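Note that the working numbering numbers the sequence shown so that position 48 is 190, with each residue one more than the last. Notes for the one structure printed next.
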Amino acid sequence: MTEPKAKPEAKPLPRPTVKKSPPQTKARPTKKAVESLSTVQHPLSDSSQAEKAPTIATNPVPEQTPPPVVQPRLDARAGNNPPPDYPRAARKRGQEGTVVLSLVIGADGSVQDVSVERS
Numbered sequence: 143m144t145e146p147k148a149k150p151e152a153k154p155l156p157r158p159t160v161k162k163s164p165p166q167t168k169a170r171p172t173k174k175a176v177e178s179l180s181t182v183q184h185p186l187s188d189s190s191q192a193e194k195a196p197t198i199a200t201n202p203v204p205e206q207t208p209p210p211v212v213q214p215r216l217d218a219r220a221g222n223n224p225p226p227d228y229p230r231a232a233r234k235r236g237q238e239g240t241v242v243l244s245l246v247i248g249a250d251g252s253v254q255d256v257s258v259e260r261s
């Protein structure tokens with residue numbers, strides 16, 4: 143006979159220690175850098191102004207607004223169609239069936255497109 147294998151015992155895991163870092167102070171920018179930038183002057187020359195290309199005025203592009211969000215209406219009639227009258231010949235033969243339609247409903251609640259999915 144074989145002896146059952148002993149299940150190893152789960153060893154408790156040591157808890158991780160969280161090291162706290164000393165608070166860091168934020169370095170403040172010095173005012174010397176700002177002063178040196180403001181004192182720099184560029185020499186003006188007539189030749190650099192003559193070399194600039196004339197700018198072409200463009201028409202501003204109007205921002206495109208998304209279409210308004212329209213909430214669904216509860217009084218839409220597309221799904222509440224009454225059952226059609228069966229032709230006499232189909233009723234005499236006992237023909238029955240199910241048609242699955244796909245409807246595209248417009249923002250105003252009217253049916254835009256109808257297609258037969260299954261017949």
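C-beta: ideal position from N, C-alpha, C; glycine also. Keep in mind the model is a prediction, meaning the values are calculated, not measured.
> Which residues mark the beginning and the end of the alpha helix (DSSP H) in which A232 is found?
Replying inline: Under the DSSP assignment, A232 falls in the alpha helix (DSSP H) whose first and last residues are 230-235.
>> For R260 and E238, what's the separation of their Cα atoms in angstroms?
In response: The C-alpha of R260 lies about 14 Å from the C-alpha of E238.
> Looking at the unbroken beta strand (DSSP E) that takes in Q254, where does it start and where does it end?
Replying inline: Where Q254 is concerned, the enclosing beta strand (DSSP E) stretches over 253-260.
> If V258 and V241 are in contact, beta carbons under 8 Å, what's the gap, nearest whole angstrom?
Replying inline: 6 Å
>> Does V242 come out as helix, strand or coil in the three-state DSSP assignment?
In response: Strand, per DSSP.
>> Residues in the same chain with beta-carbon distance under 8 Å from L243, minus the five sequence neighbours each way, listed in chain order, please.
In response: Apart from sequence neighbours up to five positions away, the residues of its chain that approach L243 with a beta-carbon distance below 8 Å are V256, S257, V258, E259, ordered along the chain.
> Closest to P209 by CA distance: which of G248, A232, P202 is it?
Replying inline: G248
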